[in-house]
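Visitor:
Residue numbers (this note's numbering), protein chains in the order written: chain A, 13 to 245; chain B, 13 to 245.
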């Protein structure tokens, strides 16, 4: 069984990506990060997902992105609430973490090299997060070209690295449909940028609003716990 | 004064690169890593260098590459000693750390974005370390192309990232000549893969042998402390 490194935040997108990697016949090795994010509830969710999906190889890498600052997710900047979809896509949000996907993919590349794996899965999405530079297809292609020159395996011509982005052109509603068809239990996942300490989502940040809209468009109830009962769009 | 992020391990190459960045008129912001390397003496050297070069902005980012294993520098594999230059370049050494430069450059990119800097300096060298895939010019070019698509600045068209590699085509002897001409005090630097706890170099690992040969070719005495007095090639 071929191994693949799957970046797993514990959110809806990365959990769906994990399900797709397993469906494609890969032994998924999950990689999560403790990076000084305000929402450590993500990591608890990642551990629930790993247990449910029988992932035997799960690494949580500790890196401290707070040393650089510059993002609402790793510093004291307020997470914006109640924004319209138009407003969200108008500019790069303060929740953007500088070079985060580049750092995450670099760690995935390191682990893939040690595992002898040539496949990396990441649940980036170019539609709902059009403002994030490192979620765009041209960025992913450029990372893949770089990765194919970066490792011992590349020099020895043993294999080349592939970066799989199965969600990149899907809407949030399509992602949820895909996951629901694969039997993903979304009650396990945590998407919110500002959850309470017991893991309840706020229902008002960009990530919650996009998620709730995606469930509503599928006429499915979002099974995740919210602080206000009956949070909806 | 334009800022540049300079990757600084505290070794001979990165210290020379820092001197070149300052000579080129940049305000150098130094970035070092505590990455589970066996030779923490490197970080002590980096701090000496930062003080000597009046670098006001120095970040030591903590990342734990030991979670992946796979290298003599971060796990219990023995560091090879007493190898000939031919032997060193014959294959990729066990001191190679998977995807290390990709990870280091990714962090530099994150900090550059927060600082508003467009320039990153790294002291990679393609001659003496021909076995390291991530020291080759084609790899650096590919990283630069990826970086130019990765950041908020790239999306907004404000500036593009440049990765400077002033040492990439130089021999170790030429690097030392360049640094000596710039007045670099090499007694501050630590190059050894296996130094003692008080920072004395072993004089026998690949890095020490290449360094000693470089000084010998310049007819300069290496001022760094060695465990055996009079270590030489």
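Here a beta-carbon is modelled for each residue, glycine too, at the ideal position from N, C-alpha and C.
Keep in mind the model is a prediction, meaning the values are calculated, not measured.
#1: Span of the alpha helix (DSSP H) holding residue 8 (chain A)?
#2: Can you tell me the Cα-Cα spacing of residue 225 (chain B) and residue 74 (chain A), whole angstroms?
#3: When DSSP labels each residue in this structure, what does residue 15 (chain B) get in the three-state scheme?
#4: Check this for me: beta carbons of residue 133 (chain B) and residue 62 (chain B), under 8 angstroms apart or not?
#5: Kindly indicate which residue of A:23, A:129, A:149, A:219 has the alpha-carbon position closest to the one of residue 38 (chain A).
#6: Helix or strand or just coil, what does DSSP make of residue 180 (chain B)?
#7: With a cut-off of 8 angstroms, does the C-beta of residue 157 (chain A) fall near any C-beta of chain B?
#8: In whole angstroms, what separates the C-alpha of residue 166 (chain B) from that of residue 145 (chain A)?
#9: Does DSSP classify residue 245 (chain B) as helix, strand or coil?
#10: How should residue 158 (chain B) be labelled, buried or exposed, when 16 other C-beta atoms within 10 angstroms of its C-beta is the threshold for buried?
#11: Count the C-beta pairs between the segment 211–231 of chain B and the segment 170–181 of chain B that are closer than 8 angstroms, then say yes if the count reaches three, no if not.
#12: Classify residue 195 (chain A): buried if its beta carbon has 16 or more other beta carbons within 10 angstroms, exposed otherwise.
#13: Spatial neighbours of residue 202 (chain B) within its chain, please: C-beta separation below 8 angstroms, excluding the five flanking residues on both sides.
#14: For the beta strand (DSSP E) that residue 218 (chain B) lies in, which residues bound it at each end?
#15: Pull up the DSSP beta-bridge partners for residue 238 (chain B), would you.
#16: Check the C-beta distance from residue 77 (chain B) over to residue 126 (chain B) and give it rounded, since I have them as a contact under 8 angstroms.
#17: Can you tell me which of B:229, B:80, B:35, B:230 puts its alpha carbon nearest to the alpha carbon of residue 13 (chain B)?
#18: I think residue 155 (chain B) touches residue 117 (chain B), with their Cβ atoms under 8 angstroms apart; what is that distance to the nearest whole Å?
#19: Nearest to residue 32 (chain B) by CA position, among B:152, B:177, B:121, B:93, is which residue?
#20: Note down, in chain order, every chain A residue with its Cβ under 8 angstroms from the Cβ of residue 150 (chain B).
#21: Could you tell me how far apart the beta carbons of residue 25 (chain A) and residue 135 (chain A) are, in whole angstroms, since I believe they sit closer than 8 angstroms?
#22: What in chain B is Cβ-close to residue 181 (chain A), meaning under 7 angstroms?
#23: Where do the N-terminal and C-terminal ends of the alpha helix (DSSP H) with residue 115 (chain B) fall, by residue?
#24: Are the beta-carbon atoms belonging to residue 180 (chain A) and residue 28 (chain A) less than 8 angstroms from one another?
#25: Can you pull the chain A residues whose beta carbon is under 9 angstroms from the beta carbon of residue 146 (chain B), in chain order?
#26: Note the first and the last residue of the continuous alpha helix (DSSP H) segment covering residue 61 (chain A).
#27: Measure from the alpha carbon of residue 90 (chain B) to the alpha carbon of each residue in B:111, B:206, B:42, then state which is nearest.
#28: Taking the Cβ atom as the reference point for each residue, do residue 162 (chain B) and residue 121 (chain B) lie within a distance shorter than 8 angstroms?
#29: Does DSSP put residue 41 (chain A) in a helix, in a strand, or in coil?
#30: Since residue 123 (chain B) contacts residue 43 (chain B) with CB under 8 angstroms, what's their CB separation in whole angstroms?
#31: Check this for me: beta carbons of residue 64 (chain A) and residue 197 (chain A), under 8 angstroms apart or not?
#32: At the level of alpha carbons, what is the spacing between residue 240 (chain B) and residue 229 (chain B)?
#33: Could you tell me whether the Cβ of residue 167 (chain A) comes closer than 8 angstroms to any Cβ of chain B?
#34: What number of angstroms, rounded off, separates the C-alpha of residue 49 (chain B) from the C-alpha of residue 72 (chain B)?
#35: Between the alpha carbons of residue 45 (chain A) and residue 150 (chain B), how many angstroms are there, rounded?
#36: Leaving out five residues on either side along the sequence, give the residues of the same chain with a beta carbon under 6 angstroms from the beta carbon of residue 113 (chain A).
Guide: Judging by the given coordinates:
#1: In the structure as shown, chain A starts at 13 and stops at 245, and residue 8 (chain A) therefore has no counterpart that could be examined.
#2: Taking the first residue of the second chain as 1, we reach residue 225 (chain B) at position 213. Taking the first residue of the first chain as 1, we reach residue 74 (chain A) at position 62. One C-alpha to the other measures close to 38 angstroms.
#3: In the second chain, residue 15 (chain B) corresponds to position 3, counting from 1. Residue 15 (chain B): strand per DSSP, three-state reduction.
#4: Mapped onto the second chain, residue 133 (chain B) falls at position 121. Mapped onto the second chain, residue 62 (chain B) falls at position 50. Contact: no.
#5: Mapped onto the first chain, residue 38 (chain A) falls at position 26. Of the candidates A:23, A:129, A:149, A:219, the one whose C-alpha sits nearest the C-alpha of residue 38 (chain A) is A:129.
#6: Residue 180 (chain B) sits at position 168 when you count from the first residue of the second chain. If DSSP states are grouped into helix, strand and coil, residue 180 (chain B) belongs with coil.
#7: To locate residue 157 (chain A), count along the first chain from 1; it is residue 145. Closer than 8 angstroms to some Cβ of chain B, the Cβ of residue 157 (chain A) qualifies, so yes.
#8: Position 154 of the second chain, counting from 1, holds the residue named residue 166 (chain B). Position 133 of the first chain, counting from 1, holds the residue named residue 145 (chain A). The straight-line gap from Cα to Cα measures roughly 8 angstroms.
#9: The residue given as residue 245 (chain B) occupies position 233 in the second chain. Caution is warranted here: a pLDDT of 48 is assigned to residue 245 (chain B), below 50, making its placement in the model unreliable, and the coordinate value is therefore given only provisionally. Residue state, collapsed to three classes: coil.
#10: Reading the second chain from its first residue, position 146 is the one you call residue 158 (chain B). Buried is the call here.
#11: no
#12: Counted from its first residue, the first chain places residue 195 (chain A) at position 183. The residue is exposed, with fewer than 16 neighbouring Cβ atoms inside 10 Å.
#13: Position 190 of the second chain, counting from 1, holds the residue named residue 202 (chain B). Taken in chain order, the residues that qualify are 22, 23, 51, 53, 54, 56, 57, 211, 213, 236.
#14: Start at 1 with the first residue of the second chain, and residue 218 (chain B) comes out as number 206. Where residue 218 (chain B) is concerned, there is no enclosing beta strand (DSSP E), although the alpha helix (DSSP H) it sits in stretches over 218–229.
#15: Here the question's residue 238 (chain B) lines up with position 226 in the second chain. Answer by DSSP bridge pairing, in chain order: B:213.
#16: Translated into the one-based positions of the second chain, residue 77 (chain B) becomes position 65. Translated into the one-based positions of the second chain, residue 126 (chain B) becomes position 114. With 8 angstroms as the limit, residue 77 (chain B) and residue 126 (chain B) do not qualify as a contact, their Cβ atoms being about 23 angstroms apart.
#17: Start at 1 with the first residue of the second chain, and residue 13 (chain B) comes out as number 1. Selected option, being the one with the closest Cα: B:35.
#18: Mapped onto the second chain, residue 155 (chain B) falls at position 143. Mapped onto the second chain, residue 117 (chain B) falls at position 105. Right, their Cβ atoms sit about 6 angstroms apart.
#19: Here residue 32 (chain B) corresponds to residue number 20 of the second chain, with the count starting at 1. Measuring from the Cα of residue 32 (chain B), the nearest candidate turns out to be B:177.
#20: Taking the first residue of the second chain as position 1, residue 150 (chain B) is located at position 138. Residues of chain A passing the Cβ test: 161.
#21: In the first chain, residue 25 (chain A) corresponds to position 13, counting from 1. In the first chain, residue 135 (chain A) corresponds to position 123, counting from 1. At roughly 4 angstroms, the Cβ-Cβ gap stays under 8 angstroms, so residue 25 (chain A) and residue 135 (chain A) are in contact.
#22: Mapped onto the first chain, residue 181 (chain A) falls at position 169. Chain B residues near residue 181 (chain A): none, gap ~17 angstroms exceeds 7 angstroms.
#23: For this step, residue 115 (chain B) is matched to residue 103 along the second chain. 112–127 is the extent of the alpha helix (DSSP H) around residue 115 (chain B).
#24: For the purposes of this step, residue 180 (chain A) is taken as the residue at position 168 of the first chain. For the purposes of this step, residue 28 (chain A) is taken as the residue at position 16 of the first chain. Not closer than 8 angstroms, so no.
#25: Your numbering for residue 146 (chain B) matches position 134 in the second chain. Ordered by position in chain A, the residues that pass the 9 angstroms Cβ test against residue 146 (chain B) are 161, 162, 163.
#26: Position 49 of the first chain, counted from the first residue, corresponds to residue 61 (chain A). First-last of the alpha helix (DSSP H) with residue 61 (chain A): 53–64.
#27: Translated into positions along the second chain, residue 90 (chain B) becomes position 78. Closest option to residue 90 (chain B), Cα to Cα, is B:206.
#28: By one-based count along the second chain, residue 162 (chain B) stands at place 150. By one-based count along the second chain, residue 121 (chain B) stands at place 109. The answer is yes: Cβ separation under 8 angstroms.
#29: Residue mapping note: residue 41 (chain A) aligns to position 29 of the first chain, counting from 1. Of the three classes helix, strand and coil, the one that applies to residue 41 (chain A) here is strand, per DSSP.
#30: Numbered from its first residue, the second chain carries residue 123 (chain B) at position 111. Numbered from its first residue, the second chain carries residue 43 (chain B) at position 31. The pair is a contact, with the Cβ atoms about 6 angstroms apart (cut-off 8 angstroms).
#31: In the first chain, the residue the question calls residue 64 (chain A) occupies position 52. In the first chain, the residue the question calls residue 197 (chain A) occupies position 185. Going by C-beta atoms, residue 64 (chain A) is nearer than 8 angstroms to residue 197 (chain A).
#32: One-based indexing of the second chain puts residue 240 (chain B) at position 228. One-based indexing of the second chain puts residue 229 (chain B) at position 217. Distance between the alpha carbons of residue 240 (chain B) and residue 229 (chain B) is about 20 angstroms.
#33: In the first chain, residue 167 (chain A) corresponds to position 155, counting from 1. So, interface residue.
#34: Residue numbering aside, residue 49 (chain B) sits at position 37 when the second chain is read from its first letter. Residue numbering aside, residue 72 (chain B) sits at position 60 when the second chain is read from its first letter. Their backbone Cα atoms lie some 13 angstroms apart in a straight line.
#35: By one-based count along the first chain, residue 45 (chain A) stands at place 33. By one-based count along the second chain, residue 150 (chain B) stands at place 138. So the alpha carbons of these two residues sit roughly 29 angstroms apart.
#36: Sequence index remark: in the first chain, residue 113 (chain A) carries index 101 (1-based). Once the five neighbours on either side are set aside, the close Cβ partners of residue 113 (chain A) are 146.
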